[in-house]
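Chains as they are written, first to last, in the numbering used here: chain S, 1380 to 1943; chain R, 7 to 316.
We treat Cβ as the ideally placed atom computed from N, Cα and C, and that holds for glycine.
Beneath this line is the structure, given in C-alpha cells, with notes to follow.
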Amino acid sequence: MISLILAMACTGGEYSDPVAHQTDSGQSIHHAEGTLPDPVPAATYIEGDAQTLLRRMSLDIRGVLPSQAERERVGADMNLLNAVMNEMVHDARLEERLVSLFAERWLTRIDVFEIEFHDYFLPEEQEYEFEKSVGEEPLRLMAHVVVEDRPWTEIVTANYTMANELLGDLWPIDYPDEGEGWQPSVYTDGRPGAGVLTTNGLWWRYVTDVSNKNRSRVAAINKLLLCNDILSRPVSFAGSSSLVEEGTESAINNLPYCVSCHASIEPIAGVFFGFWSPMQYTRIEYERYHAERELMWQDYLDAEPAWFGEPIEGLVDLGRKVADDSRFQRCGVEQMTSALWRRSIQMNDWPTIEALLEEFKANELRMKPLMVAIMQTSPYRAVSLAEDAHEDTVESEVTTRMMGPSLFHQVITDTFGYQWTFQGADQLDTDSSFYEDRVGYRVLMGGVDGHSITTPPKMPSLTWSITVRRVAQAAGIHAATADLTTDDGPGVLIYVNESTEPTDTQFNNELIQLHERLYGSTPDAAWIESITELWIQMERASNPLTAWGGVLSTMIRDPAFMTY
Amino acid sequence: MRFIHPVWQRLVLTTIFACGKPLPQCMDDFTQSHDGSCILTTDTDSESSGTSSTDTGHHSAGADAPFHPTPDWSPTDAIAAAESILIDNFFGPVALRSLYLERMSHGDDLCPVNDIDMPVENLHGCTTVDDWWYAGIAIYEEYDEDSNHDGTSNSFLLSGDFEIIQADGVAFTVGGNIGRDPIDDPQGWSGYIEGSWLMPTHDAFWLDDGISAMLNVTTSSSVVSMHGGLSIGASTIYAQTLEWSKEGCWEHPTGGLLVRDPTGYWYTLTYADDCSGCGTIVSSDGSLSAEVCPQLNTLRDDIEADLRPE
C-alpha cells in the first residue's frame, strides 16, 4: 500500500488528480472514499458556487439570508466565502439556530409535559411560552456553551443552567435580578452541577416511573451524549420464559440476554434518583431536585453507581465521567456534522468524522472551529451528485436542503417582518395546545415534535407545501403592504412604489434585487418576463399592492427560496 | 474535499512534500493530498486569510473553569446537620395526616366537596366562602375493619398532589404519599413519608423548611427503625436501617447514617456494634473522618409516639 501511495504521489510530469475533475460547468468534483469497506458506494459530490454556499451557510448558521453587502463582498471568490463563513459563526443569531438544530436531536421541544402550565395556574396565553421555555432549557445551555466558545464538555460539567424570566419565577432557580431573556442561572435546590444532566428540561422530557427506575434516562443519555442507541440493539427472546418465572428484576441481573445491556444500565440509572419521584404528574416533585433520594439505588437497583465499569460517587461525578469518555467527544462531532449535513452519519463518513474529531480536539473541543471545518467538507458543500452516482448514495445524501418550520419562521420574520402567531403561539413552532383549541403547523411543515415525529423529513410533503403556501400568502401581502404604504416596512421592496409600472427601470431593478436577495442568484430574462406577466395579471385583477404581494408570495413558494 | 484517516494523512503528506511538486492550493486549514483533494489539518492557528477556525481569541476555559466539587464540610459539620434535622423535630406520617385533615376541615359544602378527599373535579382549584383555596387531587383511604372513613383509622393512606392556601396566603403544598400499616408484630406499625410536604410558617421545623422524603419508619414491641432518605430544606440525610432494639442496642441505634453536604458529597457514619452510639464518620472520598457520638435517642421516642396508635 505504501509503495502504491509513493507511486501515485511521485509520478513525473504534470500533476494528475486521479479522482478530482471538472464538470462541463466548471464545478469541481471530489470523491469521498473511506478507508473502510463502504456499505454504500462512495459519493461523487458536485460542490456549489460561492453565492449558493454563502446562502446555505447564512441560513444554517444565522437563520437569515445573506445581506447584499455580503453577497457583493464574496462575489464568486471561494476564499472570501471562507472569510465570511468564519465571521458567521460569531454572529449572535447562531444561538437561536443552534437551539433549533439541537431540538431536532434532543427532542425536548414537546407540546405536552407531565407538568403543564395549568399546574402553575398560568393563563392559557402562557401555555406556549411555558412549553417552549421548559423544552429549551437544555438546548439553551448547549447553545450558550457553543456561542461562548467554551469546551463542549461544559454541557455536562457546567454548574449553571440557562433560564428565562418564566423559569426563574417557577423553578428553584436564582435568576439574575436585572436579567432579560435567557441568562446563565443557578438552581438553588442542592442539585449537583452537571450541565444538561441536571436540567429539569431534559428530565421532564425523558421521564421515568416507579418500575422503570431511570433506565429510560440512561438510554437517553447514551443516545444523546454517546451516540449509543441502546434501544436499537437486537433483543433475544430466548429467555423470555425464564423472565416470566424469575420476574423482571431478577432476570435483569441474571439472564445473559438482559445482563449484556443492563450490566451497564443499572449502575448509571442509580445516579438519577434525585430526579425520580414516587408520584408522576406532581409539580412540586418534578420541579425540585431530591438529594435524599440519591442513595435509593441501594434499595431499588442493587447496583452501585458506575460509568461503564468505573465507580462514581453519583450524579455529582457523572458529568466529568461523561466528559472524559472518548465516545462523548466523537458523538459531539457526529451530532454537529449530522446537523449541518442534514443527514445521518454513515459508515463511509468515518474518515471524515475522524479528521473532524482531530480538528475538534486540536481546538480544545470548541464547536465553532468544528462548525467551520464541517462547512468546508464536500458533503456540506455539495449541491448535487455526479450523474453516475449509485442510487443508494442518491437516497442517503442531502444535496438540496429543505427549509423546515423553524428556519422558515426565522427567515420569514427577518426578511418579510411577518410572524404567524395565534394565542401567543408561533404557529410553526407548535402543534397543539393542552385544551386542543389551537392547532399549530410544526409537524405538518416537516418539523420535529419530539414524540411522534423525531426526524425531519428530507423531502417535501403535501402538508409542507400547503403550509408554505399559506405563510407565503400572508408574508407576501404583509411585506408589500408595509413597504408600499408605510415608512417602517421590512425593506423587501426597495425600488418601487404603488405607481411603478413594468416599463419603469425601477420595476426591473426590483425584480433583479428580489431574485438575488431571496434566491442568491441573478435572474435570467425568461424569469423576469414570466414574473412580470404574473404581476400584470394580478394588477389588472386587483391593484399594484396586491400584485406585489402576489409576486412576493410566489417567490417565497418557489423551490429556489424554500431550498438551499 | 476528501478526508482520510490521520495516519494515512501524515503518510501521504510526507510523501507529497518529499516529491516537491507544486500542487493546487486548498483553503487554509486544509492541505492538499496526493489526489488533489483537501485534507483538514490540525494546525489551525493561521489567521492570515481570515479562514482560520481559531480566530476567536477568547477561549477562556482556564479563567472560568467548569465546576469540580470537593467535600465542603468537616465530619462534625455533617453530624451537626443531621442532629439539627433529627433531634426533637420528627414530624411523622400520623402528624402529617392530622395536619392534612385540619387543613381540609376549613372546606365547605362546595369546595372541595368533602372534608377527606379532593376529587379530580377540583384539579384547577376552588375557593371557599372563607377564602380558602383548594386545588389538586387527594385520595384518602382507611383500612381498619371498623373504619368510618373519618380520619381516625389506624391504617390509612393519603396520596395527593394538591395545594391548600388559607385566607392569609399560607400554603400547604403536597406531592406525595403517607401511610401507616400494621406489621406482623401485634404492637407493630410501619409508616412512610414519600414525596414533598411543605408549609412555610408552620411551627414544626420540618414543615416550615419543607420535607422531601422517601422514608420508612417502624415500631414494634422490640424494635424501632428508620430507613430511607430525608431532606428538610437544604439539609439531607439517609438512614441506612437505623435501628433501636430492645434485644440489642436500645439507648443508641445501630446501622448507618449518611449526611450530604451542599456540594453533593456524602459522609457515612457507621455505628459501632457496642451500643455506645458512637461511630466513625467518613467522607465519601475517604479524605476526612472522625469519631462521633450523635445523640439520637429522642428520635426513637418521636418515631414511636407518632406511629403507635393512642
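Check the C-beta distance from residue i over to residue j and give it rounded, since I have them as a contact under 8 angstroms.
i                          : j                          : result
cysteine 1606 of chain S   : glutamate 1776 of chain S  : With a Cβ gap of about 20 angstroms, cysteine 1606 of chain S and glutamate 1776 of chain S do not count as contacting.
threonine 1860 of chain S  : leucine 1764 of chain S    : Actually they are not in contact, since the Cβ atoms of threonine 1860 of chain S and leucine 1764 of chain S sit about 42 angstroms apart, beyond 8 angstroms.
alanine 240 of chain R     : glycine 1569 of chain S    : 6 angstroms
tryptophan 1655 of chain S : arginine 1667 of chain S   : The Cβ separation is near 12 angstroms, so there is no contact.
glycine 1698 of chain S    : alanine 1573 of chain S    : 3 angstroms
threonine 1567 of chain S  : aspartate 1553 of chain S  : 5 angstroms
isoleucine 243 of chain R  : isoleucine 91 of chain R   : 6 angstroms
isoleucine 1440 of chain S : methionine 1457 of chain S : Not confirmed; about 17 angstroms, so no contact.
Helix, strand or coil for residue i per DSSP?
i                          : result
cysteine 132 of chain R    : strand
valine 229 of chain R      : strand
aspartate 267 of chain R   : coil
glutamine 1562 of chain S  : strand
proline 1530 of chain S    : strand
alanine 1471 of chain S    : coil
threonine 163 of chain R   : Sequence inspection shows leucine at residue 163 of chain R; the threonine mentioned does not correspond to that position. Reduced to three states, the DSSP call for leucine 163 of chain R is strand.
serine 66 of chain R       : Its pLDDT being 34, under 50, serine 66 of chain R is placed unreliably in this model, and the coordinates cannot settle the point.
glutamate 148 of chain R   : strand
leucine 1872 of chain S    : coil
asparagine 222 of chain R  : strand
methionine 1521 of chain S : helix
glutamate 1654 of chain S  : As written in the sequence, residue 1654 of chain S is phenylalanine, which differs from the glutamate given in the question. Here phenylalanine 1654 of chain S sits in helix by DSSP.
aspartate 1553 of chain S  : strand
isoleucine 1910 of chain S : helix
tyrosine 1898 of chain S   : helix
methionine 1675 of chain S : coil
glutamate 1713 of chain S  : helix
glycine 1547 of chain S    : helix
glutamine 1406 of chain S  : For glutamine 1406 of chain S, the predicted structure reports a pLDDT of 44, less than 50, and the residue's modelled location is therefore unreliable. The matter cannot be settled from this model.
methionine 1824 of chain S : coil
glutamate 316 of chain R   : coil
glutamate 169 of chain R   : strand
Which residue comes first and which comes last in the beta strand (DSSP E) that contains residue i?
i                          : result
alanine 1682 of chain S    : No beta strand (DSSP E) contains alanine 1682 of chain S, which DSSP labels as neither H nor E.
proline 188 of chain R     : 177 to 188
serine 251 of chain R      : 241 to 251
tryptophan 195 of chain R  : 195 to 204
methionine 1934 of chain S : Taken as a continuous stretch (DSSP letters only), methionine 1934 of chain S belongs to no beta strand (DSSP E), being part of the alpha helix (DSSP H) at 1923 to 1936.
leucine 275 of chain R     : 272 to 277
Where do the N-terminal and C-terminal ends of the alpha helix (DSSP H) with residue i fall, by residue?
i                          : result
threonine 304 of chain R   : 303 to 313
isoleucine 1753 of chain S : 1746 to 1753
methionine 110 of chain R  : 99 to 110
leucine 1735 of chain S    : 1729 to 1741
glutamine 1852 of chain S  : 1841 to 1864
tryptophan 138 of chain R  : Run containing tryptophan 138 of chain R: none; DSSP gives neither H nor E here.
alanine 84 of chain R      : 81 to 92
threonine 1627 of chain S  : 1627 to 1633
asparagine 1601 of chain S : 1594 to 1605
arginine 1504 of chain S   : Position check: residue 1504 of chain S holds glutamate in this sequence, whereas arginine was assumed. No alpha helix (DSSP H) contains glutamate 1504 of chain S, which DSSP labels as neither H nor E.
Mind checking who residue i pairs with in its DSSP beta bridge?
i                          : result
valine 298 of chain R      : R:Gly285
proline 1690 of chain S    : S:Ala1685
aspartate 1805 of chain S  : S:Thr1800
alanine 1761 of chain S    : S:Glu1426
methionine 1781 of chain S : S:Thr1942
valine 1818 of chain S     : S:Ser1811
methionine 1541 of chain S : S:Pro1563
Less than 7 angstroms separating the Cβ of residue i from some heavy atom of the ligand NAP?
i                         : result
threonine 1423 of chain S : Absence of the ligand NAP is noted for the structure shown, with no ligands found whatsoever.
Review point. How about the stretch 1816 to 1826 of chain S and the stretch 1748 to 1757 of chain S: do they share at least three Cβ pairs that are nearer than 8 angstroms?
Key: Not touching, per the Cβ criterion.
Check your understanding: Any contact of the stretch 1688 to 1706 of chain S with the stretch 1716 to 1726 of chain S, i.e. 3+ C-beta pairs under 8 angstroms?
Key -> By the Cβ test, the stretch 1688 to 1706 of chain S is not in contact with the stretch 1716 to 1726 of chain S, since fewer than three Cβ pairs between them sit closer than 8 angstroms.
Point to revise | Validate contact between the stretch 82 to 92 of chain R and the stretch 266 to 275 of chain R using beta carbons, cut 8 angstroms, 3 pairs | key: The stretch 82 to 92 of chain R and the stretch 266 to 275 of chain R touch, with no fewer than 3 CB-CB distances between them shorter than 8 angstroms.
**Study point:** Inter-stretch contact (C-beta, 8 angstroms, three-pair minimum) for the stretch 136 to 155 of chain R and the stretch 118 to 125 of chain R
**Key:** yes
Check your understanding: Using 8 angstroms as the threshold, is the stretch 235 to 242 of chain R in touch with the stretch 212 to 224 of chain R, meaning 3 or more CB pairs across them?
Key -> yes
Exercise for review: Please confirm if the stretch 1781 to 1797 of chain S is in contact with the stretch 1447 to 1464 of chain S, defined as three or more CB-CB distances below 8 angstroms between the two stretches.
Suggested key: no
Review point. Is there contact between the stretch 1532 to 1551 of chain S and the stretch 1490 to 1497 of chain S, where contact requires at least three CB pairs shorter than 8 angstroms?
Key: no
Practice item. Would you check if the stretch 1823 to 1831 of chain S and the stretch 1880 to 1897 of chain S touch, i.e. whether three or more CB-CB distances between them fall below 8 angstroms? Key: No, because fewer than three Cβ pairs between the stretch 1880 to 1897 of chain S and the stretch 1823 to 1831 of chain S fall closer than 8 angstroms, the two stretches do not touch.
Review point. Does the stretch 1833 to 1844 of chain S come within contact of the stretch 1796 to 1813 of chain S, defined as at least 3 CB pairs closer than 8 angstroms?
Key: no
Point to revise | the stretch 252 to 271 of chain R in contact with the stretch 281 to 301 of chain R per 3-pair CB rule at 8 angstroms | key: yes
Check your understanding: If we count Cβ pairs, one from each stretch, closer than 8 angstroms, do we get three or more for the stretch 190 to 206 of chain R versus the stretch 1677 to 1690 of chain S?
Key -> no
Check your understanding: Between the stretch 278 to 296 of chain R and the stretch 101 to 114 of chain R, do three or more beta carbon pairs fall short of 8 angstroms?
Key -> no
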